[in-house]
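To keep things clear, I will list the structure first and then write my remarks on it.
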Amino acid sequence: MGVIWLPNPSRILCFSFHITLLLLQQTAAERELKFVVAVFRHGDRTPVVNFPTDLHKESEWPQGFGQLTKTGMQQLFELGQYTRGRYSSFLNSTYNRQEFYIQSTDYDRTIMSAQSYLSGLFPPTSSQIWNPELLWQPIPVHVIQKSTDERLHFPLRGCPRFDELQNETQTSSEFQSRIQPYMDFLQTMAVNTGLELNHLKILDNFQLWNTYDTLHCEDIHNFTLPVWATKDVINKMEKLAELSLLSLFGIYKTEEKSRLQGGVLVNLILNSIRQAANSSKQRKMEVYSAHDTTVGALQIALNIFNGKLPPYAACQFFELYQESSGQYSIEMYYRNDSSKAPYLLTLPGCTSSCPLEKFAELVSPVITENWSKECGNKDKMKDIFIGFDVAVGLLFIFDLVLLYLLYHYGRCRRRNNYQDI
């Protein structure tokens, strides 16, 4: 009888492991990161406003309302360090202006957040050290003026159609079904805070959102809270603040709202990604320092919003990869907790590693070719030309009338002269 040879199971397992490892290494080597976009919220700040019955005044905050705190600076410094570690083999080890670009809204807290972020991302090394006692270097932060900001500070202003949608949202069945369970609570809150709440426009002007935010800031910095501001009350206010953000950009006619709001930023990011894929430009990373509404509007437009207020220093990453096949794909990551790895997000209708063209196709419904027109804004230049044409027309008619009168005046003069003779 012949001997049947049986392979050693441990050898098979070991061999299989090595084959799998080699395949994974080969796949990783063939896939290359080409471009990154990051959009983050500023760090911890002081309250933006107070409410009528607030125990604390603006003078109690060293820099006043709406300003970045030392905690906020540290949060963005840490985010910068995390970004440096995440892309250490991709970004240049030293700052290179051809490779990196950062833009901020025109607010002290976002500009200072961008600067704090950069101090963690690009600490000077070797030849870039200009002061051995200060491991920091100045890096330009590009700022969009508030009056012309149509890409980062949401909700974007100057859009009549969006204002109409907001009014419609307040009275929509979708919104009313969500707000009804809180009606008694809102009555109590009106008394406690001294706010006058318009029940037809219950979340207008961010009143409740700002009140929650003020209490949240005071709690973080160990200020004394009103006796009515219990944990349960603050939790309910947080839910209403989340509803406020969601109703601002979603709940009712979300796609149309997104075309007028978050889709504008989606389009900006998509164009940057396409340029990176279709050209040999040196830029490797674009960063935007903005607000919770910016992150919220962007995520709602992409249908990846988790329903929670983006915390301080929350960051949405977009990574462009070139696959071994030569095709490009996009991966999205959301970092909203510094103690955990970022969450890999999937665009609905695609895979987590979404082919670039598929990504563009899926987001196309929230991208507008003419934002101003869809907003219902009149074409000012067109109005000027129409006004000019009307003026020219009226002047032409006036000239004709004047010529007609002069003609008849001349005839009358000649007729009178004949009669005198």
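If you read the sequence shown in the UniProt record's numbering, its first letter stands for residue 1, the second for the next number, and so on. Glycine included, every Cβ here is placed at the ideal spot set by N, Cα and C.
DSSP, read as helix, strand or coil, puts GLU218 in helix. SER329 is classed as buried because its beta carbon has at least 16 other beta carbons within 10 Å across all chains shown. By the 16-neighbour rule on beta-carbons within 10 angstroms, VAL227 is exposed. The beta carbon of GLU78 lies closer than 8 Å to those of GLY120, ALA313 and SER338 in the same chain, with the five residues before and after it left out.
Its chain contains ILE304, MET332 and TYR334 as the residues whose beta carbon lies nearer than 6 Å to that of LEU345, once the 5 sequence neighbours on both sides are disregarded; these appear in chain order.
For THR254, the enclosing alpha helix (DSSP H) begins and ends at 254–260.
DSSP, read as helix, strand or coil, puts VAL264 in helix.
Taking the CA atoms as reference points, ASP219 sits about 24 Å from LEU246. DSSP, read as helix, strand or coil, puts GLU58 in helix. Per the coordinates, the alpha-carbon of GLU168 lies some 34 Å from the alpha-carbon of GLU357.
A Cβ-Cβ separation of about 16 Å leaves PHE317 out of contact with ALA114 under the 8 Å criterion.
Of the residues LEU240, LEU152 and THR224, the one whose Cα lies closest to the Cα of ASN267 is LEU152. Residues of the same chain with a CB within less than 8 Å of the CB of LEU260, apart from the 5 flanking positions on each side, are LEU156, CYS159, ARG161, PHE162, LEU165, THR368, TRP371, GLU374 and CYS375 in chain order. Residue state for PRO355 is assigned as strand, using DSSP reduced to three classes.
Taking the Cβ atoms as the reference, THR69 lies roughly 20 Å from ASP106, outside the contact range of under 8 Å. Of the candidates PHE185, LEU118, VAL36 and PHE154, LEU118 places its Cα closest to the Cα of THR94. The Cβ atoms of GLY80 and SER126 do not sit closer than 9 Å to each other.
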